[in-house]
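In the working numbering, the protein residues as written are 464 to 986. Think of the CB as a built atom: it goes at the ideal place given N, C-alpha and C, for glycine as much as any other residue. Since the model is a prediction, treat every value here as computed from it, not as a measurement. Here's the structure, in structure tokens; my notes come after.
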Amino acid sequence: MEHSPPHPCSPAKAGAQTGHPPSRVNILLLGGLAALYIALALLRPVDHDESQYVAAAVLTAHGLLPYRDFAYLQTPLQPFLLAPIAVLTGAWTWPALRLANALLGLASVAFVHAAARRTGASPATARLCAALFATTDILLFSIGTARNDALPAACLAAALWLIVREDRTRAGALTIGLLLAAAVAAKISYAFPAAAYGLYALVHPRHRVWLVALGALPVVAFVGWTFALSPEGFLFGTLHFPAQAPAEYYAARPWKLSLAAKALDTLKFLALGAALPALVLVARAAIRRRRVTLPDLLVLAGLVAALLPVPTWRQYLLPMLPPLFVALAAVWTAQPPTRATTRIMAVFALLGLAPTLTALAEPGRLPLVTAMREAATLRRTLDARGIAGPIVTLSPQILPATGRLPDPRFAAGPFYFRSCTLLDPAAEARLHLVARDRLRLAPGTVILTGGESAATAGDSQLDAALEKAASGAVAVPGTRFRLSVTPPAAPVAPRSARHNSPPVPPHAHDPSGPAPTPRPPRA
């Protein structure tokens, strides 16, 4: 019997390169994962981290611009991309933004699966690596709230799907540049994977580095425009605040900023899911082959991006995960995992689910459904009192459901308010920021408190400091919120006559008699 000549690539890889439609199994798995992510987005307790992202999207939807009109402590893309959601969903903006992040997380998983197939992984291996990625606590937390982690991760995963393609096209190179630039414009830590790929493409001509750079130009121009709106505000929000605020906030707990704490936190977050064993397997394979692949390089760049800020939080590790699980698929394609390895991965995957399940059952936390119900009650109270806004609050994420806008100076939620020494009063005024030590509010300002507390992973002392600026806080029945108003302005006393001026005769200004005594202002 004659043997047919060998094919240049495996059937799995050949099928992956042809772009065949997803199988029925993949569609069912993707649908099930979508249902899970959507449910988690609606059930996960409120986190005060969401405050500035919801506020930024809503204010941008109403025509205000980041940096120029309000402070935004990130790179600028997300408020502009998500503002249409705020326009369309109105009172439901907050849960809608959560759902958008859940779907972006789903897209990240789908692109990791597709990229793994393009590297030659079998359908089963690609599904396994995508499932391990999908169950990491790093991803589940990042896409379960209205933060700014899901958008750049989806952009990176989509770019990775194009990067590993063997038949490179001009359109593909342009799209890679656009996606990587968008990831950086949504979150600055993605600059490290983007730069790593740029350097790799520079020394590998088939990656068409100049077309990649050309594809990035529209996003670069957009970021340049936002910089021109307020150079000082842009630099403070994207560079100075992230670099300086942690040292000030953790000054009383310096151990949190130590290398030992960073090492422990990094290992802990990687171990909550299969990221830690995947990193070990990928690193071991790279050492054995004595060669670093492009996914390996992107993993390293993502890890550097995660380790530079202090302290390290789980969402900081997200940039390394898409290339990590694509690299793992390549490792398992070359040498399939043993049964013991598969079991170990399953155990770590269950560990990745544990924090999310714990958060859902944690006593004392505020569920999103409860927050929206209380917001509806708050709206009726504001309507009854004729309060139109804007409203000063450290929890601006609650305001879309009330039909009111936040005071732009508090668009950053509690995160600048708790600062003390980052800016002087003049700079705060220019950048539309207020620190609690320099809190000065106009008479008649409406203040909403009660949303910054342990129930939202926040600090109730910050709300207490804000409430001190007013008097007579009134609890909103059926909610955890309180309303207060700063005292009205005191009536201006008439100027006294100069000592060297001649005395004014009584009733000189009004021959008809003495002027009536002015009535006191109504309470």
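Original post:
Since Ala945 sits in a beta bridge, which residues does DSSP pair it with?
Top reply: Residue numbering aside, residue 945 sits at position 482 when the sequence shown is read from its first letter. Correcting the residue identity first, residue 945 is Arg in this sequence and not Ala. Looking at the DSSP output, Arg945 shares a beta bridge with Thr912, Ala938.
Original post:
In whole angstroms, what is the alpha-carbon distance linking His466 and Pro799?
Top reply: Counting from one through the sequence shown, the residue named residue 466 turns up at place 3. Counting from one through the sequence shown, the residue named residue 799 turns up at place 336. Because His466 carries a pLDDT of 42, less than 50, the predicted location of this residue cannot be relied on, and no value is offered for it.
Original post:
Once you ignore the five residues that flank Ser964 on each side, which residues in its own chain have a CB closer than 6 Å to its CB?
Top reply: Against the sequence shown, residue 964 aligns to sequence position 501. Any reading at Ser964 is ruled out, since the residue's pLDDT is 49, under 50, leaving its predicted position unreliable.
**OP:** Find out if the Cβ-Cβ distance for the pair Pro414, Ala793 is shorter than 8 Å.
**Re:** Because the chain spans 464 through 986 in this model, residue 414 falls outside it and cannot be assessed.
Subject >> Exposed unless 16 or more other CB atoms sit within 10 angstroms - verdict on Ala889 >> reply: As a first step, residue 889 must be located in the sequence shown, where it is residue number 426. The residue in question, Ala889, is exposed, as its Cβ has fewer than 16 Cβ neighbours within 10 Å.
Subject >> Own chain, CB closer than 7 Å to Asp728, minus 5 neighbours either side, in chain order >> reply: Start at 1 with the first residue of the sequence shown, and residue 728 comes out as number 265. So the list reads Pro774, Thr775, once near-sequence residues are dropped.
Subject >> Simplified DSSP assignment, three categories, for Val855 >> reply: To locate residue 855, count along the sequence shown from 1; it is residue 392. If DSSP states are grouped into helix, strand and coil, Val855 belongs with the strands.
Subject >> Cβ neighbour criterion (16 or more within 10 Å) applied to Glu513 >> reply: By 1-based counting over the sequence shown, the position of residue 513 is 50. Label assigned to Glu513: buried.
Original post:
Going by other Cβ atoms of all chains shown within 10 Å of its Cβ, with 16 needed for buried, is Ala971 buried or exposed?
Top reply: For this step, residue 971 is matched to residue 508 along the sequence shown. Here Ala971 scores only 42 on pLDDT, less than 50, and its place in the model should not be relied on; the value that follows carries that caveat. Classification for Ala971: exposed.
Subject >> With 16 other Cβ atoms within 10 Å as the buried cut-off, status of Asp630 >> reply: Residue 630 sits at position 167 when you count from the first residue of the sequence shown. Flag for Asp630 reads exposed.
**OP:** Please determine, among Ile639, Val683, Leu692, Thr701, the residue with the shortest C-alpha to C-alpha distance to Pro671.
**Re:** As a position in the sequence shown, residue 671 is number 208, starting the count at 1. Checking the displayed sequence, the identity of residue 671 turns out to be Arg instead of Pro. Taking only the C-alpha atoms, the option nearest Arg671 is Ile639.
Original post:
Helix, strand or coil: which one does DSSP assign to Pro830?
Top reply: Walking along the sequence shown from the start, residue 830 turns up at place 367. Reduced to three states, the DSSP call for Pro830 is strand.
Subject >> Cβ contact check for the region 487-494 and the region 532-551: 3 or more pairs under 8 Å >> reply: With a cut-off of 8 Å, the region 532-551 and the region 487-494 do not count as touching, because too few Cβ pairs lie within range.
Original post:
Which residue from Leu560, Leu540, Leu569 puts its Cα closest to that of Pro785?
Top reply: If you number the sequence shown from 1, residue 785 lands on position 322. Taking each of Leu560, Leu540, Leu569 in turn and checking the Cα distance to Pro785, the smallest one comes out for Leu569.
Original post:
Would you say Ala520 and Leu540 are within 8 Å of each other, going by their C-beta atoms?
Top reply: Reading the sequence shown from its first residue, position 57 is the one you call residue 520. Reading the sequence shown from its first residue, position 77 is the one you call residue 540. No, the Cβ-Cβ distance between Ala520 and Leu540 is not below 8 Å.
Original post:
Cβ atoms of Val855 and Val939: under 8 Å apart, would you say?
Top reply: On the sequence shown, residue 939 is found 476 positions in, with the first residue counted as 1. On the sequence shown, residue 855 is found 392 positions in, with the first residue counted as 1. Here Val939 is not near Val855, since their CB atoms are 8 Å or more apart.
Subject >> Buried versus exposed, by CB contacts within 10 Å (16 or more), Ala960 >> reply: Counting from 1 along the sequence shown, the entry for residue 960 is found at position 497. Because Ala960 sits at a pLDDT of 49, beneath the cut-off of 50, its placement in the model cannot be relied upon, and the point is left open.
**OP:** Determine, using beta carbons only, whether Phe690 and Pro740 come nearer to each other than 8 Å.
**Re:** Position 227 of the sequence shown holds residue 690. Position 277 of the sequence shown holds residue 740. Here Phe690 is not near Pro740, since their CB atoms are 8 Å or more apart.
**OP:** Find the nearest neighbour of Arg901 within the set Lys931, Ala920, Arg802, judged by alpha-carbon distance.
**Re:** Residue numbering aside, residue 901 sits at position 438 when the sequence shown is read from its first letter. Of Lys931, Ala920, Arg802, the residue nearest in Cα terms is Lys931.
**OP:** Answer yes or no: do Tyr879 and Leu692 have a C-beta to C-beta separation smaller than 8 Å?
**Re:** Here residue 879 refers to the residue found at position 416 when the sequence shown is read from its first residue. Here residue 692 refers to the residue found at position 229 when the sequence shown is read from its first residue. With respect to Leu692, Tyr879 sits apart: the two C-beta atoms are not nearer than 8 Å.
Subject >> Whole-number beta carbon distance between Ala790 and Thr756, since they are thought to touch under 8 Å >> reply: In the sequence shown, residue 756 corresponds to position 293, counting from 1. In the sequence shown, residue 790 corresponds to position 327, counting from 1. Correct: roughly 7 Å between the Cβ atoms.
**OP:** Would you check if the distance between the CB atom of Pro853 and the CB atom of Pro869 is smaller than 8 Å?
**Re:** Walking along the sequence shown from the start, residue 853 turns up at place 390. Walking along the sequence shown from the start, residue 869 turns up at place 406. It is a contact, given that the beta carbons lie within the stated cut-off.
Original post:
In chain order, what residues of the same chain lie with their CB nearer than 7 Å to the CB of Ala589, ignoring the 5 residues before and after it?
Top reply: Taking the sequence shown and counting its residues from 1, the one referred to as residue 589 is at position 126. Around Ala589: His576, Ala579, Arg580, Ala792.
**OP:** Below 7 Å CB to CB, which residues in the same chain sit around Ala597 once its five sequence neighbours on both sides are set aside?
**Re:** As a position in the sequence shown, residue 597 is number 134, starting the count at 1. Apart from the 5 residues on each side of it in sequence, Ala597 sits with its Cβ closer than 7 Å to the Cβ of Leu496, Val572 in its chain, given in chain order.
Original post:
Are Leu831 and Leu603 close, meaning C-beta to C-beta below 8 Å?
Top reply: Here residue 831 refers to the residue found at position 368 of the sequence shown. Here residue 603 refers to the residue found at position 140 of the sequence shown. With contacts defined by Cβ atoms closer than 8 Å, Leu831 and Leu603 do not form a contacting pair.
**OP:** Just the C-alpha distance for Glu695 and Tyr535, rounded to the nearest angstrom, thanks.
**Re:** For this step, residue 695 is matched to residue 232 along the sequence shown. For this step, residue 535 is matched to residue 72 along the sequence shown. If I take the Cα positions, the gap works out to 12 Å.
Subject >> With 16 other Cβ atoms within 10 Å as the buried cut-off, status of Ala847 >> reply: Translated into positions along the sequence shown, residue 847 becomes position 384. Under this definition Ala847 is an exposed residue.
Original post:
Where does Ala565 land, buried or exposed, given buried means 16+ other C-beta within 10 angstroms?
Top reply: Taking the sequence shown and counting its residues from 1, the one referred to as residue 565 is at position 102. With 16 or more other Cβ atoms inside 10 Å of its own Cβ, Ala565 counts as buried.
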